[in-house]
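One structure below.
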Amino acid sequence: MTGPVHRFRALPIRSRLALLVATAVAVAVAAVSVACWLLTRAQLNDELNTSLKNIGAPRQALVQAYQECLQGQSPIENTPTSNFAYVQIVAPDGRRCPVAYSQPVKVQDEDLAVADGTSRIGLHDSTTDAGAEVRVRTEQEDIGGISVAVSVSRPLAEINTSLNRLALFLTAVAGIGVVGAGAAGLWVARTGLRPVDRLTGAVEHIARTEDLTVRIPVEGEDEIARLSRSFNSMTAALASSRDRQAQLIADAGHELRTPLTSLRTNIELLARSDQTGRAIPPADRTALMASVKAQMTELAALIGDLQELSRPDAVEGGPLQVVALHEIVDAALERVRLRGPELTFAADVSPWYVRAEPAALERALVNVLDNAVKFSPPGGVVEVRLKAGELTVRDHGPGIDAEDLPHVFERFWRSSSARALPGSGLGLSIVARTVQQAGGEIELEPAAGGGTRALIRLPGAAEPPPASL
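Numbering-wise (my numbering), the sequence shown opens with residue 1 and increments by one.
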């Protein structure tokens, strides 16, 4: 069974469709042809039975045949002059007495049942002594006050010839229908699959050239049109992803070039000092080592940020869980206080529970607080407030220019005032992505009286849900 199925599945779709259409039409035509043939045969048999009922032999011929049977004489050898009907008398003992010019027909049990009075009418098929098939009707008739069984027969060749011709005609019609259905199926398959051919050509072109600008014309609202739209959306998304990937690589290369160049310069100075034997003054050597350490720290931070951005976005039903935002804010404050010991952190935090990824959310909050620390003046104050799911972080630094605000969440973007400060330009991009994954939003705006205010809104509740208790 698996052989034919495997070979069928190996055929092209067009061939399969044409074969299926031809098979379906063949089955339908065969069923109709058989039904037509059976109905015609039944109708002809009914007409033949009716004609047998209306046929009667001359009374004198029946009497003569009956007398021959009573006298025990052998039936007269008759030479039929017509194939219209054969008539004979059937005795209860099985003897038969055909009338003049009738062929003798073989007696069946139905005839004997009528002859001995068990049955009133017998209707069946039989054969003549010459082997011709006939339809027989036997019933009781009164001959001179005597009831005898009289069989009237007609050759079945009358209807068999018509049925054979009808069978040949229906077979020819069925064959023509199947061939036409196969051709029509192939045409329908070619016409219906033309959009699929265009889609296949587009896919092959993209696989060969990696050209993601190819689009398929969309016609109509059927399934093929939906498939074309989905393919166009997919190629557009792939093109956008590739562009973002290329941009990320270019930006990352640009950002990595500066610390690597500085690191290489410092290491070359140290190596040249060892090779030439000319010692670097202790103060300069200490400065070089401090610069090397700072560049390595910056590279490590940049690589960590790139790894964070390379993680797949969270999806619904993913690793999100109910977390206490106020606890994460407290933990982030503890980490940031170590980086700005000369600053004052004024915190006002109320309980709030959200659905988020704890580690990613803490990293995002640390990035926001780091920015506040970075731009705060020495001895300044960083204000942190969490009320009803709204977290604000305000510094009293130089603030952000209005023309820079639309770009603050772009990857590797840094304002002119921040280029001299350490950082990769990825921190706020990571923050924005993490907040969006948690269903929230973030914005930066100039604060009244100077400085910058970061505003993060996260949906949640002041009380933890029962499932998280």
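Beta carbons are placed, not taken as given, at the ideal position from N, Cα and C, and that holds for glycine.
Out of the options, which one is the CA nearest neighbour of residue i?
i      : options                           : result
Val384 : Asp330, Ile400 and Leu361         : Asp330
Leu210 : Thr235, Glu221, Asp197 and Thr392 : The sequence as given places Glu at residue 210; Leu does not occur at that position. It is Thr235.
Leu343 : Val322, Leu369 and Leu39          : Leu369
Pro341 : Pro377, Val322 and Leu361         : Pro377
Ser228 : Val214, Ser241 and Ser240         : Val214
Val114 : Trp187, Ser147 and Gly399         : Ser147
Gly117 : Ala287, Ser241, Pro104 and Ala91  : Ala91
Thr23  : Asn160, Thr261 and Gly185         : Gly185
Leu62  : Glu327, Tyr101, Ala287 and Ala346 : Tyr101
Arg16  : Asp395, Ile159 and Leu193         : Leu193
Val29  : Leu168, Leu386 and Gly175         : Gly175
Ile206 : Phe231, Leu112 and Thr161         : Phe231
Asp125 : Pro98, Ser350, Asn160 and Cys97   : Asn160
Ala35  : Ser151, Ala132, Thr127 and Leu163 : Leu163
Measuring straight from C-alpha to C-alpha, what distance separates residue i and residue j?
i      : j      : result
Pro217 : Ser233 : 12 Å
Arg355 : Ile456 : 14 Å
Leu333 : Asp222 : 57 Å
Ala183 : Val25  : 12 Å
Pro459 : Gly440 : 6 Å
Gln88  : Gln108 : 13 Å
Arg137 : Lys53  : 7 Å
Ala448 : Pro465 : 37 Å
Gln43  : Asn49  : 10 Å
Ala300 : Pro259 : 11 Å
Ala314 : Arg433 : Because the pLDDT at Ala314 is just 41, under 50, the model does not fix this residue reliably, and the point stays unresolved.
Ala461 : Ile442 : 18 Å
Ala189 : Ala18  : 7 Å
Gly397 : Leu444 : 14 Å
Thr265 : Ala283 : 17 Å
Leu263 : Gln275 : 18 Å
Glu463 : Val382 : 27 Å
Leu238 : Arg363 : 29 Å
Ala290 : Met296 : 10 Å
Check for me: the alpha helix (DSSP H) holding residue i runs from which residue to which?
i      : result
His205 : Arg194 to Thr209
Leu455 : No alpha helix (DSSP H) holds Leu455; the beta strand (DSSP E) holding it covers Thr452 to Arg457.
Lys374 : Pro358 to Phe375
His326 : Leu325 to Arg337
Asp109 : Asp109 to Ala115
If we call anything under 8 Å between Cβ atoms a contact, is residue i one with residue j?
i      : j      : result
Trp37  : Leu199 : no
Glu110 : Gly122 : yes
Glu139 : Arg120 : yes
Ser273 : Ile267 : no
Leu361 : Val323 : yes
Asn371 : Ile430 : no
Arg154 : Ser33  : no
Thr392 : Arg453 : yes
Ala181 : Val21  : yes
Val373 : Arg339 : yes
What first and last residue would you give for the beta strand (DSSP E) that runs through residue i?
i      : result
Ile442 : Glu441 to Pro446
Asp511 : It is not possible to answer for residue 511, since the shown part of the chain is limited to 1 through 469.
Asp348 : Thr344 to Val349
Arg96  : Arg96 to Pro98
Arg394 : Glu390 to Arg394
Asp125 : Ile121 to Thr127
Using only the heavy atoms of the ligand GDP, determine whether one of them is closer than 7 Å to the beta carbon of residue i.
i     : result
Val32 : Inclusion of the ligand GDP in the displayed structure is not the case, the ligand content being empty and no account of it being possible.
- request: Go through the segment 234-292 residue by residue and report every complete run of the beta strand (DSSP E) that reaches 3 residues or more, in order.
  value: none
- prompt: Can you list the beta strand (DSSP E) stretches of 3 or more residues lying completely in the segment 146-199, in chain order?
  reply: Runs of the beta strand (DSSP E) inside the segment 146-199: 146-155.
- request: Could you name each continuous alpha helix (DSSP H) segment of 4 residues or more that falls completely within the segment 13-63, going from the start of the chain to the end?
  value: 13-54
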